[in-house]
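Heads up, the thing below is written out as structure tokens.
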Amino acid sequence: MIWIDGVLVSPGEGGVYGERMLKDHRVWDPRRSKLAALFAKGGGRDLDPQMRILYLGAANGTTVSHVADYVESVYAVEFAPRPMQDLIEVARRRKNVVPIMADATHPVEYAPLVEEVDMVIQDVAQPDQAGIVLANLPFLKQDGVYILMLKTRSVDVRADPDAVITATVRNLEAGGLKVHAATRLEPFHRDHAALVCTRK
């Protein structure tokens, strides 16, 4: 990852969503991106130019645009029509982004469009976030990395976030994954955690 004066940046062309520029690099704000928050907290896995990424829950493409600055290609899956319009604009400006309008809970919808990837990044606000992980595992290379941005209040609004994290880790490991780290994303994102996983 590229840091300039302690600030996380990406090396692409600016002006995607009004982001600041720093020495000809785009500032990647951890308050606007959970993946950037994970890097700011000292976690995550570095992105490199040979990587292919599947991004579930791409929304408006803010984080996708930064990821695309680092990697070979990003398959960006989003279900909602309004954010999809912005995501298509991101893809117009970054030719290595493939926007896919589909439901991450039904990977059969986009299976014909997505090749095997080095990393899956999931940022989907659904109750069964662990189930979505396991449903999308077939896209991940055997030595690949899966990063789940866990929205604990979407799983159970009344439960303690730490209890939700513990239960999710247990479900993922029962499904054949090894969870290497579970990082709380405060102060950038309240009641969120990033789980970094590989296959056992």
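So the numbering used here is basically just the index in the sequence shown, starting at one, shifted up by 1228. By construction, the Cβ of each residue, glycine as well, lies at the ideal position given by its N, Cα and C atoms. Remember, predicted model here, so these are calculated numbers, not experimental data.
Notebook entry, point to check: Taking C-alpha atoms, which residue in A1353, H1417, D1371 and G1246 lies nearest to K1262?
Noted result: The residue with the shortest Cα to Cα distance from K1262 is H1417.
Check: Taking the Cβ atom as the reference point for each residue, do L1266 and V1292 lie within a distance shorter than 8 Å?
Finding: no
Next item on the list: Assign E1344 to buried or exposed, taking buried as 16 or more other Cβ atoms, counted over all protein chains shown, within 10 Å of its Cβ.
Entry: exposed
Note to self: On a Cα-Cα basis, can you pick out the residue from G1243, A1421, D1252 and G1246 that is closest to W1231?
What the structure shows: D1252
Checklist line | Residue ranges of each alpha helix (DSSP H) within the region 1299-1366, 4 or longer | finding: 1309-1321 and 1357-1364
Check: Which of helix, strand or coil does DSSP assign to K1262?
Finding: helix
Note to self: Measuring alpha carbon to alpha carbon, tell me which residue in I1375, V1352, H1408 and R1398 is nearest A1308.
What the structure shows: V1352
Next item on the list: Provide the residue(s) that pair with S1238 in DSSP beta bridges, ordered along the chain.
Entry: BP columns for S1238 point to R1254.
Next item on the list: Sort V1326, V1424, L1378 and R1386 by Cα distance to Y1283 and report the nearest one.
Entry: V1326
Notebook entry, point to check: If we call anything under 8 Å between Cβ atoms a contact, is T1411 one with G1285?
Noted result: No.
Check: Does DSSP put R1418 in a helix, a strand or coil?
Finding: coil
Notebook entry, point to check: Nearest to A1287 by alpha carbon, out of I1349, G1243 and V1235?
Noted result: I1349
Check: Is R1254 near G1242, with beta carbons less than 8 Å apart?
Finding: Judged by their CB atoms, R1254 and G1242 are nearer to each other than the 8 Å cut-off.
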